[in-house]
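Peer 1:
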Amino acid sequence: MTAAARGGPGRPGAAVRATGPEGAEGVDGDDGDDGDDGDDGDDRSAVRTLFDTWGERSYDASMSIPKAELHLHIEGTLEPELAFELAARNGVALPYADTGELRAAYLFEDLQSFLDLYYGLMAVLRTEEDFEDLAEAYLARAAAQGVRHAEIFFDPQAHLARGVGIGTVVEGLGRALDRSESAHGISTGLIMCFLRDESAESAMSTLEAARPYLDRIVGVGLDSAEVGNPPAGFREVYEAAAALGLRRVAHAGEEGPPEYITEALDVLGVERVDHGLRCMEDPELVARLVRDRVPLTLCPLSNVRLRAVDALEEHPLPAMLDAGLLCTVNSDDPAYFGGYAGDNFRAVRQALGLSPERLRDLARNSFVASFLEHDEERRARYIAEVEAYEFE
Ligand SMILES: [Zn+2]
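For the sequence shown, our numbering gives the first residue as -9, with consecutive numbering after it.
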């Protein structure tokens, strides 16, 4: 596959459009030599049908209530159509015949197969334009699902490992973010995440490398494999980030124990906890989170796909709201986990029977939890939109 000559500087149309087998333009899918087209054919056609149904994007009212997205990895928004488009542009060979086969691979079986796919596909992201197109495609989808404000995670170490510098990532994403408000009605911020399965020294040098771009970065986070990588190892880099005026969040209590949440609060000084699901195992911690109004960025569809909960019907969200926790609903890695912010709202509404007022609480919470202290007028305007929203 060679870099395709694209017709001018056009938008990434194939990516912004809803899913569909026609989405990958100019890529023929006839290699047929992978040897994996045998007895799993039925599963794959079922997956295609499922995704084609999502592709129609028939939203219900719960999806378009104004909301902020606070837990979203931009690398996790890479849809198969855009992956093929960028692969063609950059001359990267993908080990999939077509977008249908790649989308079938998105039905990964465990965490490791997800991570293999996730990091493998990043190979198509090379230039500022690639990151711009990635962010643009996300923002278009988010706008269609009622997102009005997005604080977006990115993983500089994952790109640096492939020789793509942080400047390429931040400047590329920034191009799309700069026009987000006029093009999509979404205000934005970037949160730079450290990979917790990399060393603290690597995190610190990443923070150093980010210095020229701090005007574009609102905060730091901590992500990737949680178990065995407790927050405390990153104390120094979080102290350095705080000294630079950056906000602090961290993934904690998704797979890891409740003690990781306490550690993230006490040692890293986080202001928001990403996931935080397992706080429910520790009543004293719940009481603390409620008392201190610490927001939790829950990702229900992600929790099901990564088996943090067995089924959406068993998700602790209602109990967490009953306990008085400041919960928000987000999409995590939406291309891989089955849906964007509004899809998550719809899913919890259906599976958990949440009332419209509970959905309104979640939407209001998302703006309360946003890092909008520099613009309280905007926060108040967004919350007024939530209060005025009429459910059908
Ligand atoms: Zn996450």
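Every residue, glycine too, gets a C-beta built ideally from N, C-alpha and C.
Small disclaimer: the values here were computed from a predicted structure and weren't measured.
Using only the alpha-carbon positions, how far apart do residue 280 and residue 123 sit?
Peer 2: Approximately 39 Å between the Cα atoms of the pair.
Peer 1: Mind checking whether the beta-carbon of residue 61 lies closer than 7 Å to any heavy atom of ligand 1?
Peer 2: Yes, ligand 1 has a heavy atom inside 7 Å of this Cβ.
Peer 1: Give, in chain order, every unbroken run of the alpha helix (DSSP H) that is at least 4 residues long and sits entirely within the region 184 to 254.
Peer 2: Here the runs fully enclosed are 190 to 200 and 225 to 233.
Peer 1: What three-state label does DSSP hand residue 367 in the structure shown?
Peer 2: Three-state DSSP puts residue 367 in a helix.
Peer 1: Pull up the distance between the alpha-carbon of residue 113 and that of residue 223, whole angstroms please.
Peer 2: Cα-Cα distance, rounded: 29 Å.
Peer 1: Should residue 334 and residue 289 be called a contact, given that it needs their Cβ atoms to be closer than 8 Å?
Peer 2: Yes.
Peer 1: Please report the straight-line C-alpha distance between residue 66 and residue 272, rounded to a whole angstrom.
Peer 2: Approximately 30 Å, taken between the alpha carbons.
Peer 1: Out of curiosity, what's the CA-to-CA distance linking residue 227 and residue 146?
Peer 2: About 15 Å.
Peer 1: Would you kindly work out how many angstroms separate the C-alpha atoms of residue 41 and residue 234, rounded to a whole number?
Peer 2: Any reading at residue 41 must be qualified, since the residue scores a pLDDT of 41, below 50, and its modelled position is unreliable; no value is offered.
Peer 1: Could you say which of 62, 250 and 189 lies nearest to residue 131 if we only look at CA atoms?
Peer 2: Among 62, 250 and 189, the Cα nearest to that of residue 131 belongs to 62.
Peer 1: Pairing CB atoms from the region 286 to 303 with CB atoms from the region 311 to 325, are three or more of them under 8 Å?
Peer 2: Yes: at least three Cβ pairs fall under 8 Å.
Peer 1: Taking Cβ positions, are residue 184 and residue 210 nearer each other than 8 Å?
Peer 2: Yes; because the gap between Cβ atoms is below 8 Å, this pair is in contact.
Peer 1: Please classify residue 338 as buried or exposed, where buried requires at least 16 other C-beta atoms within 10 Å of its C-beta.
Peer 2: When all chains shown are included, residue 338 counts as buried.
Peer 1: Looking at residue 243: is its Cβ nearer than 8 Å to the Cβ of residue 250?
Peer 2: Yes, these two residues count as a Cβ contact at 8 Å.
Peer 1: Distance, Cα to Cα, residue 180 vs residue 307?
Peer 2: Spanning the two alpha carbons is a distance of roughly 26 Å.
Peer 1: Would you kindly work out how many angstroms separate the C-alpha atoms of residue 57 and residue 78, rounded to a whole number?
Peer 2: So the alpha carbons of these two residues sit roughly 35 Å apart.
Peer 1: What's the C-alpha gap between residue 384 and residue 120?
Peer 2: A query on residue 384 cannot be resolved here, the shown segment of the chain reaching from -9 to 382 and no further.
Peer 1: To the nearest angstrom, how far is it from the Cα of residue 156 to the Cα of residue 205?
Peer 2: Roughly 14 Å separates the two Cα atoms.
Peer 1: Please state whether DSSP places residue 159 in a helix, a strand or coil.
Peer 2: Note: residue 159 maps to helix in three-state DSSP.
Peer 1: Cutting at 6 Å between CB atoms, please list the residues of its own chain near residue 346, excluding the five before and the five after it.
Peer 2: Closer than 6 Å at Cβ, skipping near neighbours: 381.
Peer 1: Is residue 241 close to ligand 1? I mean its beta-carbon at under 7 Å from any heavy atom of the ligand.
Peer 2: Checking every heavy atom of ligand 1 against the Cβ of residue 241, one is found closer than 7 Å.
Peer 1: Assuming residue 138 and residue 372 form a contact by the criterion Cβ under 8 Å, report the distance between their Cβ atoms to the nearest whole angstrom.
Peer 2: Indeed they touch by this definition, with Cβ atoms about 6 Å apart.
Peer 1: Mind checking which residues open and close the alpha helix (DSSP H) that includes residue 357?
Peer 2: Residues 346 to 358.
Peer 1: Give the DSSP-derived three-state secondary structure of residue 106 in the structure shown.
Peer 2: If DSSP states are grouped into helix, strand and coil, residue 106 belongs with the helices.
Peer 1: With distances taken between CB atoms, is the gap from residue 221 to residue 245 smaller than 8 Å?
Peer 2: No, Cβ-Cβ distance for residue 221 and residue 245 is not below 8 Å.
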